[in-house]
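In this text, residue positions in the sequence shown follow the working numbering: the first is -7, and each later residue adds one. Ideal Cβ placement from N, Cα and C applies to all residues, glycine included. Down below is the structure, laid out as structure tokens.
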Amino acid sequence: MTAMTSTQTPPAASLHTPVIGWFEQHARDLPWRRPEAGAWSVMVSEFMLQQTPVSRVLPVYEQWIARWPRPADLAAEAPGEAVRAWGRLGYPRRALRLHGAAQAITERHGGDVPSEHAQLLALPGIGEYTAAAVASFAYGQRHAVLDTNVRRVFARAASGVQYPPNATTAAERKLARALLPEEDERAAKWAAATMELGALVCTARNEDCDRCPIASRCAWRLAGKPAHQGPPRKGQTYAGTDRQVRGRLLAVLRDSVGPVAQAALDAVWEEPVQRARALDGLVADGLVEPLADGRYRLPLT
-7 MTAMTSTQTP
3 PAASLHTPVI
13 GWFEQHARDL
23 PWRRPEAGAW
33 SVMVSEFMLQ
43 QTPVSRVLPV
53 YEQWIARWPR
63 PADLAAEAPG
73 EAVRAWGRLG
83 YPRRALRLHG
93 AAQAITERHG
103 GDVPSEHAQL
113 LALPGIGEYT
123 AAAVASFAYG
133 QRHAVLDTNV
143 RRVFARAASG
153 VQYPPNATTA
163 AERKLARALL
173 PEEDERAAKW
183 AAATMELGAL
193 VCTARNEDCD
203 RCPIASRCAW
213 RLAGKPAHQG
223 PPRKGQTYAG
233 TDRQVRGRLL
243 AVLRDSVGPV
253 AQAALDAVWE
263 EPVQRARALD
273 GLVADGLVEP
283 LADGRYRLPL
293 T
């Protein structure tokens, strides 16, 4: 057999059956995948899973759905309560965006998450990925769902490179559409399966090709696993960054039942310039409200 080069893509149909078959045997039992989970559960999970691993999401997700089982339940609360319930998941603006989406769903769609892709995309805080994911996973529609895991699987299996570009490209979208099965239900299963494959097997580091159902067809593996040649991959740092300071400031506000004095916030970070910059950023992002008396609280409106 002649090895594929990085420009030779395996036929899409040859990938569908083994990947979907693997998924049906090895998919994790996650609450938002269960038959009783509705579109709202799927949407909540997609917001939470952005840049956050499943293990951290699960307990917060369970508490969230128990407290706000429908969009209208969340919409009736102050946005600060969404920020409080978000806990330490990180990137708390996602909580505000999810609250805004819940309000729009309640006002525009009678409290039901819309099934049409265009209506999903029109919701505040919903981007290309989330709209496609909800339409696919909640409603079984045919959409290219491109998260980091899927992009990595396609980069290796179809394009023969170790990692995808730092930002999603038009070429990746075209490839994803070309690889979609024609039938809606199968396309939705393919979207979930490729995502799971990237999360569990075709991982960013220490990929487990021995467990991969398409290892024999993978362009990157057949080319000898050439090393990444593109721009350096972005690493994520946390210690000492404004993100860490913001997290500590928000933790004080989440743990308080009422407004917090400036002194309580000053105590969480020694360096005053960085602390002030982080607090100003939280206010600018709508995550914190300053009061006239110099105290701060989570947003009420």
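Problem set entry | C-alpha gap between L113 and T98, whole angstroms | 16 Å
Problem set entry | Every unbroken beta strand (DSSP E) within the stretch 127 to 159, with a cutoff of 3 residues, ordered by chain | none
For this session: Only counting runs of 4 or more residues, tell me where the alpha helix (DSSP H) segments fall wholly within the stretch 187 to 228, in order along the chain.
Result: 211 to 214
Exercise. Considering only the beta carbon of each residue, do R209 and A149 sit closer than 9 Å?
Worked result: yes
Exercise. Which same chain residues, not among the five before or five after L115, have their C-beta less than 6 Å away from its C-beta?
Worked result: A93 and A96
Problem set entry | Distance between beta carbons of G278 and L88, contact taken as under 8 Å | 6 Å
For this session: Can you give me the Cβ contacts of A268 inside the same chain, cut-off strictly under 6 Å, excluding the 5 residues immediately before and after it?
Result: none
For this session: Pull up the CB-CB distance for L321 and V11, whole angstroms please, since I reckon it's below 8 Å.
Result: This structure does not reach residue 321, given that the chain is present from -7 up to 293, and the question cannot be answered.
For this session: Express the C-alpha separation of C194 and H18 in angstroms, rounding to a whole number.
Result: 14 Å
For this session: Take the Cβ of R213 as the centre, count every other Cβ of all protein chains shown within 10 Å, and call the residue buried at 16 or more, exposed below.
Result: buried
For this session: Measure the alpha-carbon distance for R144 versus A196 and round it to whole angstroms.
Result: 8 Å
Exercise. L41 lies in the alpha helix (DSSP H); which residues open and close that run?
Worked result: A31 to L41
Exercise. What residue ranges within the stretch 73 to 121 form continuous alpha helix (DSSP H) runs of no fewer than 4 residues, ordered along the chain?
Worked result: 85 to 100 and 109 to 113
Problem set entry | Of the listed residues T140, R240 and A259, nearest to T160 (C-alpha basis) | T140
Exercise. Cβ of W32 within 9 Å of Cβ of R62?
Worked result: yes
For this session: Kindly give me the distance between the Cβ atoms of Y53 and M35, rounded to whole angstroms, as I take these residues to be in contact under 8 Å.
Result: That belief does not hold up - the Cβ atoms of Y53 and M35 are roughly 11 Å apart, past 8 Å.
For this session: Assign L300 to buried or exposed, taking buried as 16 or more other Cβ atoms, counted over all protein chains shown, within 10 Å of its Cβ.
Result: Past the edges of the chain, shown from -7 to 293, lies residue 300, and the structure says nothing about it.
Problem set entry | Residue environment, K181, which counts as buried when at least 16 other CB atoms sit within 10 Å | buried
Problem set entry | Opening and closing residue of the alpha helix (DSSP H) in which D234 lies | D234 to R246
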